[in-house]
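First the structure, in the form of structure tokens, and then the observations on it.
In my numbering, the protein residues as written are 27 to 537.
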């Protein structure tokens with residue numbers, strides 16, 4: 027019974043879409059399947075009901091525009107996994123996505139920093155509503171994929187984003203997102219305070235690939251509890267300039283700590299006794315020009331606190347770490363509770379990554395391999411760890427997320443011959459219609475696992491258009507693949523229910 031996603035809308039909220047890529051046509055290469063585009067950060071005519079961005083509803087206008095942004099391929103790759111037709115690949119079906127006859131709606135995003143810092147993510151919620159509203163207007167169910175995320179937020183399903191997402195999803199309106207790629211990064215600390223144990227000390231490092239020492243640190247306590255913080259610079263083991271103790275007085279203040287060469291570390295501290303979820307909360311926005319190391323002290327007498335570090339610039343997340351810095355009084359970070367804020371949403375299907383293969387052959391004839399990193403069938407080490415901060419099981423399921431081949435943006439020259447990512451390219455096709463060269467390339471991440479699951483959910487909606495989030499999770503739980511990898515280390519904080527079983531899931535949807 028050839029399930030292909032027909033009469034289902036697959037919405038992709040991302041960035042770097044190539045509207046003209048052959049994979050977004052049907053399997054004959056004659057009909058473009060993109061029904062709507064909303065470029066949230068581009069000037070133009072906004073969709074009805076919204077006051078920003080540029081909507082494109084005409085196929086000819088999409089092809090004339092070409093892309094939503096020319097220097098990024100993530101959205102094209104993700105969309106191709108979920109619902110690409112594979113047309114134009116060396117062997118078309120080899121690069122076909124899961125729901126290759128689904129209708130497509132693309133929302134191009136670039137959330138503002140304030141959205142990440144406040145965990146409201148209003149632009150993403152707007153994108154979800156836009157996709158669901160379109161699907162309702164044509165009488166079709168929809169699954170929306172988001173392969174973005176960050177650790178900043180309460181990570182317990184209570185954020186403003188999570189609340190809005192729970193209200194938007196329902197029967198025939200599903201939401202899927204990536205678990206995150208912080209499974210090897212020490213971006214988290216949990217501390218339990220007592221009258222005999224009142225102090226946590228740690229040092230904050232920065233992601234060198236960002237090019238500047240910027241980061242956010244988010245600290246959340248428990249309802250009806252409180253804590254205080256203090257910040258200091260260390261020159262090696264020598265304490266330098268430090269702040270006063272800051273308690274939760276509802277204020278936002280700017281600190282300036284001066285280091286050994288009179289260089290300054292700038293810190294904005296927002297300290298709230300009871301935030302939107304009634305939890306005590308401190309957010310640090312840090313920009314350091316000092317060569318000294320920044321120390322953070324958290325002081326409390328009861329209850330638990332969670333600390334997370336992360337930062338988003340444009341399309342990319344950057345992650346420093348918490349470290350003891352070799353000091354006996356300080357604490358190293360860990361990779362627990364690293365799913366990220368949006369991935370903690372109760373109604374969302376949160377997807378971890380496992381390795382369905384560990385090598386591939388590229389266009390240059392090379393065979394890049396990850397065999398020294400992980401083995402076939404194993405959860406990929408980078409896949410973020412659950413559970414949520416309120417101890418719910420997340421991720422929900424695992425899907426293939428290592429060396430996944432899919433379409434890439436033809437306007438993004440990094441995957442073309444001579445580009446820095448050409449070694450990832452596995453197939454190319456010159457489109458007679460416009461003379462452009464289009465590539466398929468490999469990429470890895472839970473960003474790739476999430477659309478694989480989204481495509482499976484589209485097939486489930488084709489079989490049963492009124493499935494809701496809990497229906498889908500129950501089916502996936504009951505049908506998940508349990509093998510030597512999942513049972514040898516039955517860690518639900520990494521696997522969720524196990525590996526997604528596409529055949530079993532669609533059969534389950536028919537019952």
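Here a beta-carbon is modelled for each residue, glycine too, at the ideal position from N, C-alpha and C.
Remember, predicted model here, so these are calculated numbers, not experimental data.
The C-beta distance from residue 426 to residue 382 rounds to 4 Å, short enough to fall under 8 Å. Each of 377, 287, 115 was checked against the Cα of residue 502, and the nearest Cα belongs to 377. In the three-state DSSP reduction, residue 81 falls in the strand class (E or B). In this structure, the beta-carbon distance from residue 312 to residue 243 falls below 8 Å. Residue range 518–521 is occupied by the alpha helix (DSSP H) that includes residue 520. According to the DSSP secondary-structure assignment, residue 223 is paired through a beta bridge with 220. Judged by DSSP in its simplified three-state form, residue 487 adopts helix. For the 8 Å CB-CB criterion, residue 379 and residue 474 form a contact.
Secondary structure note for residue 354: it is in no beta strand (DSSP E), with a DSSP letter that is neither H nor E.
Under the criterion of beta carbons closer than 8 Å, residue 328 and residue 232 do not qualify as touching, at roughly 32 Å. Residue 376 is bridged by DSSP to 203. According to the DSSP secondary-structure assignment, residue 65 is paired through a beta bridge with 80, 134. For residue 362, same chain residues with a beta-carbon under 8 Å away, outside a window of 5 residues either side, are 214, 216, 411, 519 in chain order. Around the C-beta of residue 385, fewer than 16 other C-beta atoms lie within 10 Å, and the residue is accordingly described as exposed. The Cβ-Cβ distance between residue 320 and residue 291 falls below 8 Å. If you keep only unbroken beta strand (DSSP E) runs of at least 3 residues inside the region 145–205, you get 168–172, 199–204. Under the three-state reduction of DSSP, residue 58 is assigned to strand.
If you look at residue 534, you'll find it in the alpha helix (DSSP H) that goes 528–536. Judged by their CB atoms, residue 531 and residue 513 are not nearer to each other than the 8 Å cut-off. Counting only residues of its own chain and dropping the five nearest sequence neighbours on each side, residue 261 has a CB closer than 6 Å to the CB of 286, 318.
The beta carbons of residue 277 and residue 297 sit closer together than 8 Å.
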